[in-house]
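Below you'll find the structure, written out as structure tokens, and then a few comments.
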Amino acid sequence: MGIAQEDIKKFEKNKSECDAIFYQAMEEIIYSIAPLLESEPKYKKYSIVERLIVPDRIIKFKVAWLNDSNKIEVNTGYRIQFNNALGPYKGGLRFHPSVNESVLKFLGFEQIFKNALTGLPLGGAKGGSDFDPKGKSDFEIMKFCSAYMRELSKYIGARIDVPAGDIGVGAREIGYLFGEYKKITSSYEGVLTGKPYMFGGSLMRPEATGYGVVYFTQAMLEMEGKEGLDGKVCTVSGAGNVALHTIEKLFQVGALPVTCSDSSGMIYDSRGVDLPLLKELKMNQRVSLERYIDIHPEAKYISVSEYPQGEHSVWDIPCYAAFPCATQNELNEADAQNLIVNGCACLTEGANMPSTPEAIAMFLSHKIPFAPAKAANAGGVAVSEFEMSQNASMQRWSFEDVDVKLKETMQQICKRVALSAKEYGVEGNYVDGANIAGFKRVADAMIAEGI
Ligand code: NDP
Numbered sequence: 046m047g048i049a050q051e052d053i054k055k056f057e058k059n060k061s062e063c064d065a066i067f068y069q070a071m072e073e074i075i076y077s078i079a080p081l082l083e084s085e086p087k088y089k090k091y092s093i094v095e096r097l098i099v100p101d102r103i104i105k106f107k108v109a110w111l112n113d114s115n116k117i118e119v120n121t122g123y124r125i126q127f128n129n130a131l132g133p134y135k136g137g138l139r140f141h142p143s144v145n146e147s148v149l150k151f152l153g154f155e156q157i158f159k160n161a162l163t164g165l166p167l168g169g170a171k172g173g174s175d176f177d178p179k180g181k182s183d184f185e186i187m188k189f190c191s192a193y194m195r196e197l198s199k200y201i202g203a204r205i206d207v208p209a210g211d212i213g214v215g216a217r218e219i220g221y222l223f224g225e226y227k228k229i230t231s232s233y234e235g236v237l238t239g240k241p242y243m244f245g246g247s248l249m250r251p252e253a254t255g256y257g258v259v260y261f262t263q264a265m266l267e268m269e270g271k272e273g274l275d276g277k278v279c280t281v282s283g284a285g286n287v288a289l290h291t292i293e294k295l296f297q298v299g300a301l302p303v304t305c306s307d308s309s310g311m312i313y314d315s316r317g318v319d320l321p322l323l324k325e326l327k328m329n330q331r332v333s334l335e336r337y338i339d340i341h342p343e344a345k346y347i348s349v350s351e352y353p354q355g356e357h358s359v360w361d362i363p364c365y366a367a368f369p370c371a372t373q374n375e376l377n378e379a380d381a382q383n384l385i386v387n388g389c390a391c392l393t394e395g396a397n398m399p400s401t402p403e404a405i406a407m408f409l410s411h412k413i414p415f416a417p418a419k420a421a422n423a424g425g426v427a428v429s430e431f432e433m434s435q436n437a438s439m440q441r442w443s444f445e446d447v448d449v450k451l452k453e454t455m456q457q458i459c460k461r462v463a464l465s466a467k468e469y470g471v472e473g474n475y476v477d478g479a480n481i482a483g484f485k486r487v488a489d490a491m492i493a494e495g496i
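Its first residue numbered 46, the sequence shown is counted upward by one per residue in my numbering.
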């Protein structure tokens, strides 16, 4: 039995406790790093895998807040501080009804390796709440954020743990969270990233994840000797922060993104999606994508109810490059099959773990370049670290400076991942390359720091 199988077996007994989604993330990493574990016995000697898969601490708390009808509502809040071997805990906050301990454990675990891949001094964490921001008034969002921060503030700090946004948490929520932290602590410090520019946010933080996704794809296509994105049809899922900025950068590099989606359905606009309209609908009005066809009746809207088997209509559209940017497990084996049959030449994950293990295996077996989330969407956390640097030094960097640094960072991550894959005998496999490179950096720091 190889080391990876032994490790998986050891943790199988805990499967029910650590449940499916966290197990899925853990299993992928343990299998990926098998060649490294075989060749470097020190990781086994120091029990690195056993130590890495258990978070440093799981913080779980009650969030009671007053809605607009003066009724008290109660939600659960979390912060999972996973590993700080490389720097302060860092990772987003997600407000969505699907949030639970397991989802946040999977996201926090992935975040450790993503942050390590950036080469920056960042540990891994994740947090959030099962609070549903949909349909809430601005005052309700404000009151919830204040109540959430009243408890979270006990555990975070500019040198301890620096949360950012994720699904359901954008600049508005970060602003309210920051305001409450400041009131509680009387301290004006860079305790959150993704802040509005007017009080310490970095230029380009909102765009960073999506832009980085495209920079990574360009670097990977070049590395693999494939044609670039200029003039190519691309499909994107999601209509939030990551999707909108991926679409924006795709247009800027001459590609034609023709799809987007939200939790109710998808839009296919063969002339290229109308980005200003999308921003208006999803960022300003916060309404369903279905409204897109009021303005563009020639575009196609497909409701999720038309796909009862769980397939996803975005991936039926032929494209050169596909970008899942909505949520976890949104691209399954049948979707991968559709994309491949329709000539898809590369896939880049903008969301965290959007592809199922079977879908990933299908892309890899067809030798189609596949950029995993922990490498490809690391642009957001990289610019978050730039925001921390600017806050600490009281400087403001220009949009162009941040953009240059972001592009360089994404190119370096791509190179690091490709080289690791080659070194450990899996050339062209960016999934294994990313897991090995990320694991190595964290594991070496853990050994150097002792137990
Ligand atoms: P947003 O909340 O801004 O947008 C999420 C989008 O995905 C929305 O359009 C939402 O639809 C859609 N969506 C959510 N669940 C589903 C579903 N089950 N089926 C179809 N569509 C769905 O989040 P972000 O763009 O910030 O995050 C998207 C992904 O990217 C997440 O996996 C996140 O963890 C990851 N990520 C985000 C980073 C960031 O900087 N923001 C950094 C790195 C990763 P609706 O509008 O209907 O709710």
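For every residue, glycine included, the Cβ atom is placed at its ideal position computed from N, Cα and C.
Same chain only: Cβ atoms within 6 Å of residue i, ignoring 5 sequence neighbours per side
i, result
"F176", "N120, F140 and F189"
"L326", "V332 and R336"
"T393", "V258, T262, F368, A416 and A421"
"I103", "I125"
"E269", "P414"
"G486", "The sequence given here places Arg at residue 486; Gly does not occur at that position. Same-chain partners within the cutoff: A161."
"N128", "I157, G168 and G169"
"N374", "T401"
"G462", "Contrary to the premise, residue 462 reads as Val rather than Gly in this sequence. Counting only Cβ-Cβ distances below 6 Å, and skipping sequence neighbours, we find A420, Y475, G478, A479 and A482."
Residue i - DSSP class collapsed to helix/strand/coil
i, result
"Y260", "helix"
"M311", "strand"
"G283", "coil"
"A404", "helix"
"Y123", "strand"
"F158", "helix"
"L138", "strand"
"L222", "helix"
"T291", "helix"
"F151", "helix"
"T547", "In this structure the chain extends from 46 to 496, so residue 547 is not present and cannot be described."
"G317", "coil"
"T254", "helix"
"A416", "strand"
"L131", "coil"
Residue i: first and last residue of the uninterrupted alpha helix (DSSP H) it sits in
i, result
"D206", "Per DSSP, D206 belongs to no alpha helix (DSSP H); it is in the beta strand (DSSP E), D206 to A209."
"N436", "G424 to S438"
"E335", "E335 -> no alpha helix (DSSP H), and no H or E assigned at all."
"C459", "F444 to E468"
"L81", "A79 to S84"
"L384", "E378 to V386"
N- and C-terminal bounds of the beta strand (DSSP E) containing residue i
i, result
"F189", "It is not in any beta strand (DSSP E) - F189 instead sits in the alpha helix (DSSP H) that spans D183 to L197."
"L111", "R102 to L111"
"Y346", "K345 to S348"
"A366", "A366 to P369"
"S174", "G169 to S174"
"L43", "This structure does not reach residue 43, given that the chain is present from 46 up to 496, and the question cannot be answered."
"L392", "C391 to T393"
Cβ-based neighbour list, residue i, same chain, cut-off 7 Å, excluding 5 preceding and 5 following
i, result
"D113", "S182, F184 and E185"
"Q435", "S247, R441 and W442"
"Y352", "S358"
"P241", "A216 and G220"
"M433", "V207, G235 and T238"
"G202", "V236"
"Y256", "H290, K294, G424 and L451"
"K171", "I125, G136, G137, L149, L152, G153 and Q156"
Cβ-Cβ distance between residue i and residue j below 8 Å
i, j, result
"R195", "E225", "yes"
"T238", "S77", "no"
"L167", "V449", "no"
"E293", "L320", "yes"
"F408", "A379", "no"
"G210", "T291", "no"
"S282", "C391", "no"
"A404", "N377", "yes"
"C305", "A366", "no"
"K324", "L289", "yes"
"G153", "G169", "yes"
"L197", "G122", "yes"
"K228", "A423", "no"
"I492", "Y91", "yes"
"T372", "I481", "no"
"G317", "L334", "no"
"V349", "G310", "yes"
"Y346", "I338", "yes"
Close Cβ partners of residue i (< 8 Å) along its chain, the five nearest in sequence each way excluded
i, result
"K412", "G473"
"D64", "S147"
"K460", "A264 and M268"
"A70", "F151, F154, E155 and M398"
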